[in-house]
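What the sequence shown shows, in the working numbering, is residues 490 to 582, in sequence order. Heads up, the beta-carbon is just placed ideally off N, CA and C, and yes, glycines get one too. Have a look at the structure below before the remarks.
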Amino acid sequence: MVQVKSIDIFTPLVDEPEIMGEIAACNVTNDIFAMNVPEVSGMLVFLGINKNTPMNIAEGILKGINRFMEQKINSKVVGGHTIYSEWPLIGGE
490 MVQVKSIDIF TPLVDEPEIM GEIAACNVTN DIFAMNVPEV SGMLVFLGIN
540 KNTPMNIAEG ILKGINRFME QKINSKVVGG HTIYSEWPLI GGE
């Protein structure tokens, strides 16, 4: 057994929160798959949102991340961290 970690954080690329969540999960996990690792055991999510961001935006991003992890790669979100940030940031480990 080998443990591989990869961290990616970036700003939103699209306006639809759920699609952005799927893109984020794909981006975080693709480096691991590129190293020929056959499966991802889980993802820690990082989300930086502005204090004025409506909660449904953050919920949509997390919903998209969960959907990708569960439906596309048969994995799961195992934790993470959310902070207030002047700039929107999405990513994980």
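Same chain, Cβ closer than 6 Å to residue i, neighbours up to 5 away in sequence not counted
i	result
Ile496	Glu582
Glu511	Gly553, Phe557
Pro527	none
Boundaries (first-last residue) of the beta strand (DSSP E) holding residue i
i	result
Val584	Absent from the model: residue 584. The displayed extent of the chain is 490 to 582, so no value can be given.
Val534	532-538
Inter-residue CB distance, residue i and residue j (contact presumed, cutoff 8 Å)
i	j	result
Asn539	Pro506	With 8 Å as the limit, Asn539 and Pro506 do not qualify as a contact, their Cβ atoms being about 14 Å apart.
Leu536	Ala547	6 Å
Val529	Ile562	6 Å
Val493	Ile521	6 Å
For residue i: DSSP bridge partner residues
i	result
Ile579	Phe499, Leu536
Unbroken alpha helix (DSSP H) run spanning residue i, endpoints
i	result
Ile562	It is not in any alpha helix (DSSP H) - Ile562 carries neither H nor E in the DSSP assignment.
Thr542	From DSSP, Thr542 is part of no alpha helix (DSSP H); its letter is neither H nor E.
Asn441	A question about residue 441 goes unanswered here, because the residues of the chain that appear run from 490 up to 582.
Same chain, Cβ closer than 7 Å to residue i, five either side skipped, listed in chain order
i	result
Val567	Gly531, Met532, Leu533
Ile572	Gly537
Chain-order list of residues whose beta-carbon lies under 8 Å from that of residue i (same chain, five-residue window excluded)
i	result
Thr542	Pro577
Phe499	Ala513, Asn516, Leu578, Ile579, Gly580
Glu559	Lys565
Leu480	The chain is shown from 490 up to 582; residue 480 falls before or after that span and cannot be answered.
Contact test: residue i Cβ vs the ligand HEM heavy atom, cutoff 7 Å
i	result
Ile521	In the structure shown, the ligand HEM is absent, as is every other ligand, since no ligand is present at all.
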